[in-house]
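The next block holds one structure in the form of structure tokens; read it before the comments.
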Amino acid sequence: MMLRMFISGVLLLLPALVGAEPPLPVTTVELGAVLVHPVREAPAEAVALNDTRLGAEINGVIAEIAVAVGDRVERGQVLARVDCTPHRIEVARARAALDAGRATLEFSELQLDNARRLSERRSISQEELDKREADARTRKAELDRLQAALDAAEYTASKCTIAAPLNAVVIERIASVGDYAVPGTQILRLLDDENVEVSAKVQEQDLDGLEAAAEVRFAGRLRDHPVRLRTVLPLLERRLRTYEVRLRFAAEPAPPGATGRLRWRVGGGRIPADLLVQRDGGLGVFVLAEGHARFQPLPEARAGHPAATDLAPATRLIVDGRFRVEDGQAVRVD
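Going letter by letter, the sequence shown gives residues 1 to 334 in full-length UniProt numbering.
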């Protein structure tokens, strides 16, 4: 009797036991441990903000060049001199003319005072008084012109000495002592190695990532330098579809002229391409949720490329078994 009851119970439970699939064994990994951070690059160069060619502003023979290539100079330091003899003569001539004009004006004003006293006694005509007033104004205007001429001569003479406009390094000596200089003749070339920034050509599609990047570096031949984006020039190079960007060095700058690569990480982490699976015509990943596999579609994912995701870094990602598991299927973590 008992045997028959046992057999009957087994027969009743057999369909359920046969239809229930055991949990699929899988392995998982924390998402944050496998995320990759794509790095973008662009060709870049360190450029000095000031590459100055000092030249003569007056005519004259170069009498002295007081520095040599490689010398470091400070703002205001005298670097070269032009023979100033002709210009000093012009200053002396202008000063003498001014003194003569001042004496003439004093005489004209004295005549005007006398004419006014005579006019009060009606001993001089109004026409003569007006003439002397006009003469005094003319002499005053002439004196102002002579003063301006002296100022111009003194300004020209001040250009006999050529001073450094900024702290810099002499990198080229263009002219020589004894050369005759005219306005614009180049004498020295100065390079400002303190104010240096990075110029890079960035692809149009990478610009947003660069602007949002938390860290950007200029990778030179010997070392990397942290940099900060200063500006994006609003001009698209049509052939290569690139923008020029300028970046400041956050610490010690690279030497002007140094070439390298601008590197930055793009946004948040991305899921490696080999962890993506395809279900229902779309790409995504399987995650572990309360003992079951749940398919998380990634609409912007492309085959063979890391995929952006907004899943929490602590999410358990199914690795082994991801190709066999189905959405909602019970799984067992081995």
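The beta carbon of each residue, even a glycine, is placed where N, CA and C say it ideally should be.
At least 8 Å separates the beta-carbon of A200 from that of H87.
Looking at R294, V287, L276 and D71, the one whose alpha-carbon comes closest to that of A168 is D71.
Within the model, the alpha-carbon separation for L110 versus L129 is close to 12 Å. Unbroken alpha helix (DSSP H) runs of no fewer than 4 residues, entirely contained in the stretch 169-225, are found at 207-212, following chain order. Non-local C-beta neighbours of L150 in its own chain, meaning closer than 6 Å and more than five positions away in sequence, comprise A94, R95 and L98, ordered along the chain.
Cβ atoms of G284 and F295 come within 8 Å of each other, at about 6 Å. DSSP places R117 within a helical segment (H, G or I) once states are collapsed to three. Here the C-alpha atom of E300 lies approximately 9 Å from the C-alpha atom of T309.
Taking each of V39, R238 and L24 in turn and checking the Cα distance to A214, the smallest one comes out for V39.
Straight across, the Cα-Cα distance linking S108 with G60 is about 40 Å. With the rule of 3 Cβ pairs closer than 8 Å, the stretch 134-149 does not count as touching the stretch 166-185.
In this structure, DSSP gives G282 an extended state, which the three-state scheme calls strand.
Going by DSSP, R139 is part of the alpha helix (DSSP H) stretching over Q126 to S158. For G32, the enclosing alpha helix (DSSP H) starts and ends at L31 to V34.
Looking at the DSSP output, G269 bridges to nothing. Between the stretch 184-202 and the stretch 238-252 there are three or more C-beta pairs closer than 8 Å, enough to call the two in contact. Straight through space, the alpha carbons of Q147 and S125 are spaced by roughly 34 Å.
The DSSP-derived three-state label of F107 is helix.
In this structure A314 is in contact with E30, their Cβ atoms being roughly 6 Å apart against a cut-off of 8 Å. Beta-bridge annotation (DSSP): G60 is paired with A181.
DSSP places L275 in the helix class (H, G or I) of the three-state scheme.
With a cutoff of 8 Å on beta-carbon distance, G257 and A42 are scored as not near each other. The residue from I162, Q278 and D274 with its alpha-carbon nearest to that of I62 is I162. The DSSP-derived three-state label of A92 is helix.
In the structure shown, R102 adopts helical secondary structure according to DSSP, grouped into three states.
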